[in-house]
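K.L.:
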Amino acid sequence: MNKMQNIARSEKFGAHDVPDPIDAPYESSELKDKAKRVASRLSDTDRDEHGGVATVDIDAVMHVDEDFGKKVVYGGWSRVKAMFWLYHILTTSPYSFADVNLVNAPVSKQTTIGAIRANEVRSGDLVTVKGEVISASDNSKADVDGHFRCKQCGFERESVHQDILRDKLTEPGRCEGCESTDWFHYGRGDTIATQTLLVEESENTDSVELSDILVRVHGGLVGMVESGEHVEITGLVYDEYENHDDIHSKARFYALGFERVAGDLDLDVDDEEADEIRKEVEQDGFYEKLVASFAPNLIDLDAQKRGLIATTLTGGDIPVRDDSIRGDSHTLFVGDPGNGKSAAIKWLNKVIPRGDLASADNSSTKGLTATAVKDERIPQEYTLRAGHIVRCNGGVALIDELDKNDNGDLNELHTPMEDGVVRRAVGGQKRSMAAKCRIVAAANPVDNEFNDWDTIADQFDFPGSILSRFDLIYAFESKSMADVGEDLADNLADGIIDAQTEADGSGEDVELDSDLFDKEWFTKFIHLAWQITPIFSREATETIKRGWMETIDENGDVAAREYEALFRLSRGMARMRLSETVEAIDAERAIEVWKESLDTYAFADGEYDLSIKNDGLPESETSLKMDLKQAIEEREDDDHRGRGAYVHDVVDALEVEYENERIWSRLNRMRESGLVYRPDDDDYYRVSGGSR
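Following full-length UniProt numbering, the residues of the sequence shown are numbered contiguously, the last one being 692.
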């Protein structure tokens, strides 16, 4: 639950002796009586862990007293007085709430940030906007009142802070002693917490310049929302103050209440549609139909599609006794350009209810995690601006061309991928931002050509610790047009006709895959699935354990992180059935998806070798590297001219145990990394002096 700032009350007053916030003409007296009636009906509001908070639902106010509610929403200056009285009464005896949070303005009062920035909303209007908190200033203190002394006669008095929008103390009028208006501000009185938020439009807008707004926050609302959170803000629009040295004067919106929102696309899934989706899920063959409906124009990628859907449906920490393991799964696609990696991710981006796609271009600008930025509109030297995965908190962070991000960005992924949080030090203070999201990334090899003989670590400049955090890795095979040409041609041709028909409604003969689910259905299905938190049945946990132990028996030691991955994926499979329980069938499908992933990059000599993910090289490749080093060292002195070991002799010596192409591939990698070198001739090698 959130709070509203203290509009009228100096913090020096206790709950039982708050003075009347305004003069008491007839209208104010009437409003006070109405506010008392409303307060008595709203006094059972829940209290949160931060203290007593009265959440004032405008609909409830309307129901209790429609006339008073209309004044709150539409009443101009009467609204201000009505709000003062309501706050005043709720924060004094017998209610003694610490703060008030105003929520749920009528639909007619909902607007956009762009409309406020474009001056399409009148100053003083009470409205509600939706947006994402991009950055937040540090908490600071603003004067509530101050001490003044007349420069002429020395008369002293206090002045209650009235201009909350600019944190500007209002000087007293004429001196009661000599009627002078010349005052000296000689001391500060009480203060109130204040903060400035930079909030960006939730929906896409054509005008970048008008897509964000500064929001002023006071009192109990300060610190209640963080960067990356999606919020609905009820507040007052006001004119921008010109030529004022206070940085807050550039704000245009004053927050009276916050409600956190999911950040999903605007979805309208009514009960009838939800029932229809559940009926589809219960049909025989649903699993296969769901996979076929995912990016239907991409052929021969069913294993990858199964993994993507399962990853998308993971999420939410999994309780383990007094602890928990992360529930968000991560997937990586690697391989040559043009093999469908980016196309699959872009298709997913069109159907996820929450999340976004970042490429190398925009991720370098906004940052993958968070960026310390200097914004003259925020009253600190630097603030922490939410990066891509923070802004995808609770959804799916899609990253294309991950290989083009520098090592600094990649290293910053360690903590959010494992713990779901971004931690940074800004201005000498440690900050944290929630980043609990599934990450789906695609990467091209260093030379833009995937080599089946080289390991993933060889071909992608990724730390092994990053690779190990991906539950699923798929290495895309290079296929010739002779293998897929006709199928690809059919899919592309039919896909173009489908797209044209969808755009203009033309053509009644284009029902190629009318039985498949469309994108809109997919989005609603994911939305429904995300609302479920399945619990594990004993049969499911036993199935996972049995599959895990069988893998260890057949392939040797496997990292514990892989075991946890099976639980994450199993819960994703249960959500695929819209089930409240993870059953054995879900565990079996999760194990199948996991092994399909391993088949693409970690299967050699009849078994899985998970060291390729955790250590960068499989054990067999490590053995080959050491054997090559030894073979070269043994032959370095055979050449009487001192050129080194004759490479063909080295290869011939190892061909008994290793395949020829594999030896040459590893040898080239060793030369590129400086482990071996060629003194004079391409056919002679020596081992470098230092080890790497």
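Note that CB positions come from ideal geometry on N, CA and C, so glycine has one too.
This structure is a prediction, so every number in the text was calculated from the model and none was measured.
Could you check what DSSP says for residue 667 in three-state terms: helix, strand or coil?
P.N.:
Taking the first residue of the sequence shown as 1, we reach residue 667 at position 667. Looking at residue 667 - three-state DSSP - the assignment turns out to be helix.
K.L.:
Quick one: is residue 118 buried, meaning 16 or more other Cβ sit within 10 Å of its Cβ, or exposed?
P.N.:
Reading the sequence shown from its first residue, position 118 is the one you call residue 118. Counting Cβ neighbours within 10 Å, residue 118 comes out exposed, since fewer than 16 surround it.
K.L.:
Looking at residue 442 and residue 333, is the spacing between their C-beta atoms short of 8 Å?
P.N.:
As a working note, residue 333 is residue 333 in the sequence shown. As a working note, residue 442 is residue 442 in the sequence shown. A contact, by the Cβ cut-off of 8 Å.
K.L.:
Indicate the three-state DSSP secondary structure (helix, strand or coil) for residue 430 in the structure shown.
P.N.:
Working through the sequence shown from its first residue, we reach residue 430 at position 430. Looking at residue 430 - three-state DSSP - the assignment turns out to be strand.
K.L.:
As an exercise, report each continuous alpha helix (DSSP H) stretch of at least 4 residues that is fully enclosed by the stretch 518 to 584, in chain order.
P.N.:
For secondary structure counted as the alpha helix (DSSP H) over 4 or more consecutive residues, the stretch 518 to 584 holds these complete runs in sequence order: 519 to 530, 538 to 555, 560 to 576.
K.L.:
Given this structure, state the Cα-to-Cα distance separating residue 27 from residue 280, to the nearest angstrom.
P.N.:
The residue labelled residue 27 in the question sits at position 27 within the sequence shown. The residue labelled residue 280 in the question sits at position 280 within the sequence shown. Caution is warranted here: a pLDDT of 49 is assigned to residue 27, below 50, making its placement in the model unreliable, and no coordinate value can be reported.
K.L.:
Given a threshold of 16 other Cβ atoms within 10 Å of its Cβ, counted over all protein chains shown, does residue 573 qualify as buried or as exposed?
P.N.:
Taking the first residue of the sequence shown as position 1, residue 573 is located at position 573. Buried, since its Cβ has 16 or more Cβ neighbours within 10 Å.
K.L.:
I'd like to know whether the C-beta atoms of residue 342 and residue 522 end up nearer to each other than 8 Å.
P.N.:
By 1-based counting over the sequence shown, the position of residue 342 is 342. By 1-based counting over the sequence shown, the position of residue 522 is 522. No, these two residues do not count as a Cβ contact at 8 Å.
K.L.:
Inspect the CB distances between the stretch 30 to 42 and the stretch 52 to 68 and report whether three or more fall short of 8 Å.
P.N.:
yes
K.L.:
Quick one: is residue 146 buried, meaning 16 or more other Cβ sit within 10 Å of its Cβ, or exposed?
P.N.:
What you label residue 146 is simply residue 146 of the sequence shown in a count that begins at 1. When all chains shown are included, residue 146 counts as buried.
K.L.:
Just how far apart, CA to CA, sit residue 336 and residue 518?
P.N.:
In the sequence shown, residue 336 corresponds to position 336, counting from 1. In the sequence shown, residue 518 corresponds to position 518, counting from 1. Taking the straight line from one Cα to the other gives about 28 Å.
K.L.:
Taking just the CA atoms, how far does residue 291 sit from residue 305?
P.N.:
Numbered from its first residue, the sequence shown carries residue 305 at position 305. Numbered from its first residue, the sequence shown carries residue 291 at position 291. A direct Cα-to-Cα measurement between residue 305 and residue 291 gives close to 6 Å.
K.L.:
Between the beta-carbon of residue 424 and the beta-carbon of residue 384, is there less than 8 Å?
P.N.:
Taking the first residue of the sequence shown as 1, we reach residue 424 at position 424. Taking the first residue of the sequence shown as 1, we reach residue 384 at position 384. In contact: residue 424 and residue 384 (Cβ atoms closer than 8 Å).
K.L.:
Restricting to Cα atoms, I'd like to know which of 172, 387, 55 is closest to residue 102.
P.N.:
By one-based count along the sequence shown, residue 102 stands at place 102. Checked all of 172, 387, 55; the closest Cα to residue 102 is 55.
K.L.:
Measure from the alpha carbon of residue 316 to the alpha carbon of each residue in 216, 158, 435, then state which is nearest.
P.N.:
The residue labelled residue 316 in the question sits at position 316 within the sequence shown. Answer by Cα proximity: 435.
K.L.:
Would a C-beta distance cut-off of 8 Å place residue 253 and residue 221 closer than the cut-off?
P.N.:
Reading the sequence shown from its first residue, position 253 is the one you call residue 253. Reading the sequence shown from its first residue, position 221 is the one you call residue 221. With respect to the 8 Å criterion, residue 253 and residue 221 are not classified as neighbours on the basis of their beta carbons.
K.L.:
Near residue 534, what residues of its chain come up, given a Cβ to Cβ distance below 7 Å and the 5 sequence neighbours on each side ignored?
P.N.:
Mapped onto the sequence shown, residue 534 falls at position 534. Excluding sequence neighbours, residue 534 sits near 571, 574, 575, 579, 580, 581, 582.
K.L.:
What does the alpha-carbon distance come out to for the pair residue 568 and residue 530?
P.N.:
The sequence position of residue 568 within the sequence shown is 568, counting from 1. The sequence position of residue 530 within the sequence shown is 530, counting from 1. C-alpha separation (whole angstroms): 14 Å.
K.L.:
Might you give, ordered along the chain, the residues of its own chain that have their beta carbon closer than 8 Å to the beta carbon of residue 724, omitting 5 neighbours on each side?
P.N.:
A query on residue 724 cannot be resolved here, the shown segment of the chain reaching from 1 to 692 and no further.
K.L.:
Roughly how many angstroms lie between the CA atoms of residue 602 and residue 470, to the nearest whole one?
P.N.:
Walking along the sequence shown from the start, residue 602 turns up at place 602. Walking along the sequence shown from the start, residue 470 turns up at place 470. One C-alpha to the other measures close to 14 Å.
K.L.:
For the stretch 662 to 682 and the stretch 627 to 642, state whether three or more C-beta atom pairs, one from each stretch, are separated by less than 8 Å.
P.N.:
yes
K.L.:
Looking at the strands, I want to know which residues DSSP matches up with residue 685.
P.N.:
Residue numbering aside, residue 685 sits at position 685 when the sequence shown is read from its first letter. Answer is 645, bridged to residue 685.
K.L.:
For a test of the three-state rule: what should DSSP assign to residue 695, helix, strand or coil?
P.N.:
Since the displayed the chain opens at 1 and closes at 692, residue 695 lies outside it and no answer follows.
K.L.:
Using DSSP bridges, identify the partner residues of residue 439.
P.N.:
Start at 1 with the first residue of the sequence shown, and residue 439 comes out as number 439. Paired residues: 330, 397.
K.L.:
Could you tell me if residue 260 is buried or exposed, where buried requires 16 or more neighbouring beta carbons within 10 angstroms of its beta carbon?
P.N.:
Within the sequence shown, the letter at position 260 stands for residue 260. It is exposed - the Cβ of residue 260 has fewer than 16 other Cβ atoms within 10 Å.
K.L.:
Which of the three DSSP states, helix, strand or coil, is assigned to residue 504?
P.N.:
For the purposes of this step, residue 504 is taken as the residue at position 504 of the sequence shown. Low local confidence applies: a pLDDT of 47 at residue 504 is under 50, so the model's placement there is unreliable, and no value is given.
K.L.:
Along the beta strand (DSSP E) that carries residue 307, what are the first and last residues, could you check?
P.N.:
Residue mapping note: residue 307 aligns to position 307 of the sequence shown, counting from 1. Where residue 307 is concerned, there is no enclosing beta strand (DSSP E), although the alpha helix (DSSP H) around it starts and stops at 302 to 312.
K.L.:
How would you label residue 128, buried or exposed, when you count the other beta carbons within 10 angstroms and need 16 or more for buried?
P.N.:
One-based indexing of the sequence shown puts residue 128 at position 128. Label assigned to residue 128: buried.
K.L.:
Kindly indicate the opening and closing residues of the beta strand (DSSP E) around residue 657.
P.N.:
Residue 657 sits at position 657 when you count from the first residue of the sequence shown. No beta strand (DSSP E) holds residue 657; DSSP gives it neither H nor E.
K.L.:
Residue 232 to residue 199, Cα distance in whole Å?
P.N.:
As a working mapping, residue 232 is identified with position 232 in the sequence shown. As a working mapping, residue 199 is identified with position 199 in the sequence shown. Roughly 10 Å between the two C-alpha positions.
K.L.:
Using 8 Å as the threshold, is the C-beta distance between residue 373 and residue 440 below it?
P.N.:
Within the sequence shown, the letter at position 373 stands for residue 373. Within the sequence shown, the letter at position 440 stands for residue 440. No, they are not a contact pair.
K.L.:
Mind checking whether residue 328 and residue 420 have CB atoms under 8 Å apart?
P.N.:
The residue labelled residue 328 in the question sits at position 328 within the sequence shown. The residue labelled residue 420 in the question sits at position 420 within the sequence shown. Yes, they are a contact pair.
K.L.:
Along the chain, where does the alpha helix (DSSP H) that runs through residue 131 open and close?
P.N.:
As a first step, residue 131 must be located in the sequence shown, where it is residue number 131. Per DSSP, residue 131 belongs to no alpha helix (DSSP H); it is in the beta strand (DSSP E), 126 to 136.
K.L.:
Alpha carbon to alpha carbon, what distance is there between residue 69 and residue 474?
P.N.:
Locating residue 474 in the sequence shown gives position 474, counting from the first residue. Locating residue 69 in the sequence shown gives position 69, counting from the first residue. Rounded to whole angstroms, residue 474 to residue 69 spans 58 Å at the Cα level.
K.L.:
Report the three-state DSSP secondary structure of residue 287 (helix, strand or coil).
P.N.:
Reading the sequence shown from its first residue, position 287 is the one you call residue 287. Residue state, collapsed to three classes: helix.
K.L.:
Would you identify the three-state DSSP class for residue 141, choosing helix, strand or coil?
P.N.:
Indexing the sequence shown from 1 puts residue 141 at position 141. Strand.
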